[in-house]
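Protein sequences, first through last, are from chains A and B.
Counting in this note's numbering, the first sequence runs from 102 upward without gaps.
Counting in this note's numbering, the second sequence runs from 454 upward without gaps.
Note that beta-carbon positions come from the ideal geometry of N, C-alpha and C, so glycine has one too.
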Amino acid sequence: MSDGRVVRIASGQGFWGDDLEAPVRQVEGGPIDYLMMDYLAEVTMSIMQKQRARDPSAGYARDFVPLMERLFPALVERGIRVVTNAGGVNPVGCADALLEAGRRAGVEGRARVGTVTGDDLMDRLDALLEAGHTLANMETGEPLATIRDRVQSANVYIGAAPILEALRAGADVVVTGRSTDTALTYAPMIHEFGWAADAYDRLAAGVVAGHINECGAQSTGGNCLADWWAIPDLAGVGFPIVEASEDGSFVVTKHPGTGGVVNRATVTEQIVYEMGDPTTYITPDVVADFTTIRLEEDGPDRVRVHGVRGGPPTEFLKVSIAYADGYKAVGTLTYAWPDAAEKARLAARVLRERLDRLGLRFDALRVELVGWDSTHGPLAGPPPRDLPEVQLRVGMRSHDRASVERFTREIAPLVLTGPPSVTGFAGGRPRVQEIMAYWPALIEREQVEPFLRVDVRPV
Amino acid sequence: MATVQLVDLAHARSGDKGDTANVGVIAYDPRDYPLLVERLTPQRVKEHFGPLVKGAVERFELPNLHALNFLLHNALDGGGTVSLMNDAQGKVFSTALLRMELEVPDEVAERVRGRGRRPAREET
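In structure tokens form, the structure reads like this:
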């Protein structure tokens, strides 16, 4: 039954490294019921896994803890609940740190922290492979066994169920690992409105709301191409707030007085971001059809979303696997007028010849001219003769670490042994990075769901 | 007929999934959406990108949003952390597509010309 009640779910972080003042603005700028904070991307889990390998207490979004220490008193006072995947590959470590932060913030006995675990497959990987789950790469079809010894992290994208369980158990903050970004927004809706597991249209609407929330200000004027020159006060950009109703319709808005803008264009740009087949947006809880979305501007900085349709989920969950796949390094030098682009290209040829003479082994060498063709490639056409300057950017990739190490030592010598009018080497030798490649796979949900655990502890 | 750049007819945003870039193209004016459907065929887009897109180009229609979604396969040099590209996550592939030139009826050209570009600042 629709009782006209609205639940406000605010977006506080769109990625690990997002504007740290945004969640503060969300909490202090007006009424909200939930604050969702999304920290995870495809590459994030492997970075966190590396951190945990060095320090068993690490492996989560560390800046989430001081942020919560700052926010805790206001959250408790206003009854705002937080749902986040800041837990990364160590949700328990994250929750432990959070409980301490809560005590330091003076909310002891007044808040509860829920932890969701079970999405991490690392300890179960060999057992799963032995039992015949190939975890084949969704793009290439190759079985995981071919790279098993190089796997760094393996996490299942999980849906709303464990978040719901934590909310029902009274958690004021829910910390998960690899929950889907969208579930952080729609799990609170299910909790508040009591939607059934087969209320697919409502769940699909929740997914659309989650997609609009999950990248923070990307739906409120940040990174918006349409009329970018007219978007006001990006310095104080307001992050999105979804005002959800029981029937699945919702309004996207932001707090009054904040910067940015919410209109059809800003919301549509975010809807198409990272989109695949729009008729089949697969999540653990529902398959949403983005071609059914209806948008209407509903006053200044308000866009109403309705009409969303969805269908039953599949029997599989997606697994995000990261594996070590060689090394790379990227070096840059800046060349100045006259004939900047020609000088940069000659430098690249000289470098290439030296790498060949050294007999270095590499899988790829890439030359780009930043300021000319590094983003549009050949579509940029030939550079004008009077280009004031250009940055030469050379990248090398190899499975042989020593070759990449040597490559990083071949950039600086170009300053004195190559074409003239070159500068911009103050940063020193480029860093050798270990490549963490991404391996998407599927697994039957019954291999995962019984292993999910929820633990709620008081601060 | 007259020639306009896609940037004046549509705005766009792009992102990545592994080695695939997506570009969502949104008509500024719903009246121009049918024109985009007719002219921005997957073949035409593949041709436009040339060597930038090594794999196939897929297209999906979102008439409800006056938008087209393109998947550009094998476009990111392996994608994610593998790629050596400056734009490893395809964040500005959208703008490369908006360079495309289209033949449109004169009245459309007249209406849209300059729409997608920042207005020139008045000299003071």
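{"Item": "From what residue to what residue does the beta strand (DSSP E) around ILE248 (chain A) run?", "Value": "Element bounds for ILE248 (chain A): n/a, residue is neither H nor E."}
{"Item": "Please tell me whether ARG415 (chain B) and LEU521 (chain B) are closer than 8 Å, where the distance is taken between their beta carbons.", "Value": "The structure shown does not extend to residue 415 (chain B), since chain B is modelled only from 454 through 577, so no value can be given for it."}
{"Item": "Interface residues of chain B around ILE536 (chain A) at Cβ under 8 Å?", "Value": "THR534, VAL535"}
{"Item": "Please say whether TRP540 (chain A) and GLU490 (chain A) have beta carbons closer to each other than 8 Å?", "Value": "no"}
{"Item": "Since GLY307 (chain A) is in the alpha helix (DSSP H), which residue starts that stretch and which ends it?", "Value": "301 to 314"}
{"Item": "Relative to the alpha-carbon of VAL343 (chain A), which residue among A:ASP299, A:HIS407, A:ALA442, A:ASP390 has its alpha-carbon at the smallest distance?", "Value": "A:HIS407"}
{"Item": "If I'm right that VAL431 (chain A) touches PRO531 (chain A) with Cβ under 8 Å, what's the distance once you round it to whole angstroms?", "Value": "6 Å"}
{"Item": "Please list the terminal residues of the continuous alpha helix (DSSP H) segment that includes TYR287 (chain A).", "Value": "284 to 294"}
{"Item": "Please tell me whether ARG204 (chain A) and VAL177 (chain A) are closer than 8 Å, where the distance is taken between their beta carbons.", "Value": "no"}
{"Item": "Determine the burial state of THR185 (chain A): buried for a count of at least 16 other Cβ atoms within 10 Å of its Cβ, exposed for fewer.", "Value": "buried"}
{"Item": "Could you check whether ALA187 (chain A) and VAL276 (chain A) sit closer than 8 Å to each other, using their CB atoms as the reference points?", "Value": "yes"}
{"Item": "Within 8 Å of any Cβ in chain B, is that where the Cβ of PHE417 (chain A) sits?", "Value": "no"}
{"Item": "Assess, as a yes-or-no matter, whether the stretch 472 to 489 of chain B is touched by the stretch 565 to 572 of chain B under the definition of 3 or more beta carbon pairs within less than 8 Å.", "Value": "yes"}
{"Item": "Should the stretch 469 to 485 of chain A be called in touch with the stretch 391 to 404 of chain A, which here means at least 3 C-beta pairs below 8 Å?", "Value": "no"}
{"Item": "I'd like to know if the stretch 310 to 321 of chain A and the stretch 279 to 287 of chain A are in contact, where contact means that at least 3 CB-CB pairs between them fall below 8 Å.", "Value": "yes"}
{"Item": "Can a CB atom of chain A be found closer than 8 Å to the CB of LEU555 (chain B)?", "Value": "no"}
{"Item": "Bridge partners of LEU466 (chain A), per DSSP?", "Value": "A:MET497"}
{"Item": "SER504 (chain A) lies in the beta strand (DSSP E); which residues open and close that run?", "Value": "Run containing SER504 (chain A): none in the beta strand (DSSP E); it sits in the alpha helix (DSSP H), 502 to 509."}
{"Item": "Could you check how far apart the C-beta atoms of TYR382 (chain A) and GLY477 (chain B) are, in whole angstroms? I think they sit under 8 Å.", "Value": "About 13 Å; that fails the 8 Å criterion."}
{"Item": "Quick check on DSSP: helix, strand or coil for PRO559 (chain A)?", "Value": "strand"}
{"Item": "For the putative contact between LEU434 (chain A) and PHE508 (chain A), defined by C-beta atoms under 8 Å, what is the C-beta separation to the nearest angstrom?", "Value": "The Cβ separation is near 14 Å, so there is no contact."}
{"Item": "Please name the residue in A:ILE291, A:VAL495, A:VAL217 whose C-alpha comes closest to that of VAL387 (chain A).", "Value": "A:ILE291"}
{"Item": "Please confirm whether LEU493 (chain B) has its beta-carbon closer than 8 Å to some beta-carbon of chain A.", "Value": "no"}
{"Item": "To the nearest angstrom, how far is the alpha carbon of ARG395 (chain A) from that of VAL309 (chain A)?", "Value": "11 Å"}
{"Item": "Are the C-beta atoms of TRP330 (chain A) and some chain B residue less than 8 Å apart?", "Value": "yes"}
{"Item": "Output needed for MET102 (chain A): all residues of its chain with C-beta closer than 8 Å, excluding positions within five of it in sequence on either side, in chain order.", "Value": "Low local confidence applies: a pLDDT of 46 at MET102 (chain A) is under 50, so the model's placement there is unreliable, and no value is given."}
{"Item": "Should the stretch 352 to 365 of chain A be regarded as contacting the stretch 254 to 269 of chain A, the criterion being three or more beta carbon pairs within less than 8 Å?", "Value": "no"}
{"Item": "Kindly indicate which three-state DSSP category ALA542 (chain A) falls into: helix, strand or coil?", "Value": "strand"}
{"Item": "Once you ignore the five residues that flank ASP530 (chain B) on each side, which residues in its own chain have a CB closer than 6 Å to its CB?", "Value": "SER536, LEU537, MET538"}
{"Item": "What residues are listed by DSSP as bridge partners for GLU344 (chain A)?", "Value": "A:ARG109, A:VAL352"}
{"Item": "Taking DSSP as the reference, what is the three-state secondary structure of MET102 (chain A)?", "Value": "Unreliable positioning characterises MET102 (chain A) in this predicted model, as indicated by a pLDDT of 46, which lies under 50. The coordinate reading is nonetheless provided below. The answer is coil: DSSP assigns MET102 (chain A) none of H, G, I, E or B."}
{"Item": "Alpha carbon to alpha carbon, how far is GLU545 (chain A) from GLU416 (chain A)?", "Value": "6 Å"}
{"Item": "List the endpoints of the continuous beta strand (DSSP E) containing ARG213 (chain A).", "Value": "213 to 218"}
{"Item": "Going by DSSP, what residue range makes up the alpha helix (DSSP H) through VAL409 (chain A)?", "Value": "Run containing VAL409 (chain A): none; DSSP gives neither H nor E here."}
{"Item": "Under 8 Å between C-beta atoms, does LEU141 (chain A) make it to chain B?", "Value": "no"}
{"Item": "Going by Cα to Cα distance, which pick from A:GLU511, A:ALA423, A:PRO485 is closest to MET149 (chain A)?", "Value": "A:ALA423"}
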